[in-house]
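K.L.:
FYI, the numbering for the sequence shown is 1 to 136, going by full-length UniProt numbering. C-beta: ideal position from N, C-alpha, C; glycine also. Pasting a structure here, questions to come.
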Amino acid sequence: MSLEGSWSEIGRGHAAARRADRGRVNHAAGAAAEDSVVRHYTERGCPVLARRWRGRGGEIDVIAADGDALVFVEVKKSRSHDAALGRVTERQVRRLMAAAQEFLATRPGGLLTDVRFDIGTVDASGDVRILENALA
């Protein structure tokens, strides 16, 4: 192996390590944002039933109860609330809806349960905003 090839491999190793570090940081930031959103719902009397619930159709960040209704929440964190909202993709919405149907199928009321789809955004300062019925 040439010296040049060795440096190239080292560079790739560092790039992979940086990507892994970014992934860990992003995962931790997402978990912290979810913690903030969970706190928001619980402080308003909406018990959280599940976090990061995963079905075949996808994952739901937060599932809360609001009276008799279930609230499915997609959580996004970014530098601003507008930027966070802009990060919600059509694909994510489809997966959220599919996962919500799966979750509802496990409940006594099934698909007849009242539901709401909210988006919880957390900005760089940690401020939480909830856009209720965002996907209605």
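Thinking C-alpha only, which one of ALA69, ILE119, GLU34, GLU132 is nearest ARG87?
P.N.:
Closest option to ARG87, Cα to Cα, is ILE119.
K.L.:
If you run the structure through DSSP and keep just helix, strand and coil, what is LEU135?
P.N.:
Reduced to three states, the DSSP call for LEU135 is coil.
K.L.:
Report yes if the CB atom of ASP114 is closer than 8 angstroms to the CB atom of ALA69, and no otherwise.
P.N.:
Cβ atoms of ASP114 and ALA69: closer than 8 angstroms.
K.L.:
Taking all protein chains shown into account, do 16 or more other C-beta atoms lie within 10 angstroms of the C-beta of GLU132, making it buried, or fewer, making it exposed?
P.N.:
Counting Cβ neighbours within 10 Å, GLU132 comes out exposed, since fewer than 16 surround it.
K.L.:
Any idea what DSSP makes of GLY126, helix, strand or coil?
P.N.:
The answer is coil: DSSP assigns GLY126 none of H, G, I, E or B.
K.L.:
What do you get for ALA32, buried or exposed, if any count of 16 or more other CB atoms within 10 angstroms of its CB means buried?
P.N.:
ALA32 should be labelled exposed.
K.L.:
How big is the Cα-Cα spacing for GLY45 and ASP66?
P.N.:
Whole-angstrom Cα-Cα distance: 8 angstroms.
K.L.:
On the criterion of 16 or more Cβ atoms from any shown chain inside 10 Å, does GLU34 qualify as buried, or is it exposed?
P.N.:
Buried is the call here.
K.L.:
Taking 8 angstroms as the CB-CB limit, is THR113 close to chain D?
P.N.:
Looking at the structure shown, chain D is missing, and only one protein chain is on hand.
K.L.:
Is it buried or exposed for ASP61, if we count other Cβ within 10 angstroms and need 16 for buried?
P.N.:
With 16 or more other Cβ atoms within 10 Å, it is buried.
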